[in-house]
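Residues in the sequence shown are numbered consecutively from 347, following the working numbering. Ideal Cβ positions, reconstructed from N, Cα and C, are used throughout, including at glycine.
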Amino acid sequence: MVLSGLRGVGKTVLLNVFAEHARQNDWLVIQLEAQPGEAGKGATRAKLARELEVGARRLRGKPAWAYLKESMASIGNISASLGATGVSASVTTNQGRADSGNLDIDIEELVEDVSLAMRKARAGFGLFIDEMQDLDEELLTVLLSVQHLAGQRGWPFYIVGAGLPNLPGKISEARTYGERLFLYKTIGQLTEEAAAEALALPISRIGASTAPEALSILLSAANGYPYFLQIYGRSAWDEAPDKVIPAEDAQVAVRYGTSDLDHGFFEARWQRATPAERVYLRAMALDGEQPSSTGEIAARLGKSTNKLAVIRQRLITKGVVYAPEYGSIQFTVPGMAGFIERQTEG
Ligand SMILES: Nc1ncnc2c1ncn2[C@@H]1O[C@H](COP(=O)(O)OP(=O)(O)O)[C@@H](O)[C@H]1O
Ligand SMILES: [Mg+2]
Numbered sequence: 347m348v349l350s351g352l353r354g355v356g357k358t359v360l361l362n363v364f365a366e367h368a369r370q371n372d373w374l375v376i377q378l379e380a381q382p383g384e385a386g387k388g389a390t391r392a393k394l395a396r397e398l399e400v401g402a403r404r405l406r407g408k409p410a411w412a413y414l415k416e417s418m419a420s421i422g423n424i425s426a427s428l429g430a431t432g433v434s435a436s437v438t439t440n441q442g443r444a445d446s447g448n449l450d451i452d453i454e455e456l457v458e459d460v461s462l463a464m465r466k467a468r469a470g471f472g473l474f475i476d477e478m479q480d481l482d483e484e485l486l487t488v489l490l491s492v493q494h495l496a497g498q499r500g501w502p503f504y505i506v507g508a509g510l511p512n513l514p515g516k517i518s519e520a521r522t523y524g525e526r527l528f529l530y531k532t533i534g535q536l537t538e539e540a541a542a543e544a545l546a547l548p549i550s551r552i553g554a555s556t557a558p559e560a561l562s563i564l565l566s567a568a569n570g571y572p573y574f575l576q577i578y579g580r581s582a583w584d585e586a587p588d589k590v591i592p593a594e595d596a597q598v599a600v601r602y603g604t605s606d607l608d609h610g611f612f613e614a615r616w617q618r619a620t621p622a623e624r625v626y627l628r629a630m631a632l633d634g635e636q637p638s639s640t641g642e643i644a645a646r647l648g649k650s651t652n653k654l655a656v657i658r659q660r661l662i663t664k665g666v667v668y669a670p671e672y673g674s675i676q677f678t679v680p681g682m683a684g685f686i687e688r689q690t691e692g
């Protein structure tokens, strides 16, 4: 399965819930967050090697362990292919599995060994990857091939990924069959009903409530975004002295909540941008929440698209923007355009 959507919609929370379900059913569970760039590539691979070993050892004492023990050699050997030296000295035995030094062959052998062991234990092997759009292309391609093979051979190996809205595109670019490989779910704003429930239910559990008008003030400020509901909800809870939150307190809560967002969620991203990058972001903000055409941005700034490509790429690496499709660019964070406009005014 692949979950995609903007930041703050609840992808990581969902991914963690799925991984926890798998763990409770004694699956071998590997969880990692991909990181961008050359340094990120090394870090992600090292994490994969380490998680494999830790994930397997977590099953010690479980039924799967009897079968999994034999795959520990592959798990140890794969660490070398992943460039994670020294991780696996304790388990490496040279068995001729997952030790060719070719990432594709080794990952395939490892997944085969581990998932067949897990099948004997009537469980599965789950690889949960957050920020999957940042996975390096080589590793992404290898993992897609192995997932494809697993489907054909009936190995209980499942990749569950989460990432920005460009993730499905990245997957089908890497492998044409990628489109059919996953169940794709777009995660976006909650419905009005779900958003209302997210605010009202936890409050009612502790014997308090929001006045109807207060609820609608908070809901319209949050615009269905889970992270914003969290912020405005907390702010309302902190502001209101009584058990029923009135409209006036909700209004104050929206002011404070927005200020919290400006000084945290948004500010963190703004601070990471250099002056030249901020000029680019300001030009984007004119389009509001809509994607901007990179050609149009170049025209606004009186520069060539090529000249701006470096700036654009740096902003993508910093996770502030992403390319929903070729020739267009969009903020990864809902509400970023409004924040930038507030900066211009201030
Ligand atoms: N289903 C939900 N209902 C209400 N709030 C949620 C839900 N899922 C996530 N949140 C809130 O949104 C915040 C951001 O979620 P997160 O999973 O980190 O988003 P993402 O990974 O998409 O950027 C969480 O810390 C939580 O406060
Ligand atoms: Mg996340």
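Worksheet item: When a residue counts only if its C-beta is closer than 6 Å to some heavy atom of ligand 2, which residues count, in chain order?
Response: 357, 358 and 476
Worksheet item: Can you tell me whether DSSP reads residue 390 as helix, strand or coil?
Response: helix
Worksheet item: With a CB to CB cut of under 7 Å and the five nearest residues on each side skipped, what residues in its chain are close to residue 665?
Response: 678
Fill in: Residue range of the unbroken beta strand (DSSP E) whose run includes residue 424
Looking at the DSSP string, residue 424 is not in any beta strand (DSSP E); the run it does join, the alpha helix (DSSP H), is 418 to 427.
Worksheet item: Would you report the Cα separation of residue 544 and residue 575, rounded to the nearest angstrom?
Response: 8 Å
Worksheet item: Between 652, 624, 653 and 686, which lies nearest to residue 634 when the distance is taken from Cα to Cα?
Response: 686
Fill in: Segment limits, alpha helix (DSSP H) that includes residue 515
513 to 520
Worksheet item: residue 476 lies in the beta strand (DSSP E); which residues open and close that run?
Response: 471 to 476
Item to complete: Please specify which runs of the alpha helix (DSSP H), each continuous and at least 4 residues long, are wholly inside the segment 518 to 570, giving them in chain order.
Response: 524 to 527, 538 to 551 and 558 to 568
Discussion item. I'd like to know whether the C-beta atoms of residue 474 and residue 632 end up nearer to each other than 8 Å.
Written reply: no
Discussion item. Could you check whether residue 669 and residue 675 sit closer than 8 Å to each other, using their CB atoms as the reference points?
Written reply: yes
Discussion item. Spatial neighbours of residue 409 within its chain, please: C-beta separation below 6 Å, excluding the five flanking residues on both sides.
Written reply: 467
Discussion item. Quick check: residue 654 and residue 643, are their CB atoms within less than 8 Å of each other?
Written reply: yes
Worksheet item: DSSP puts residue 697 in a beta bridge; with which residues?
Response: One cannot answer for residue 697 here, as it falls past the ends of the chain, which runs 347 to 692.
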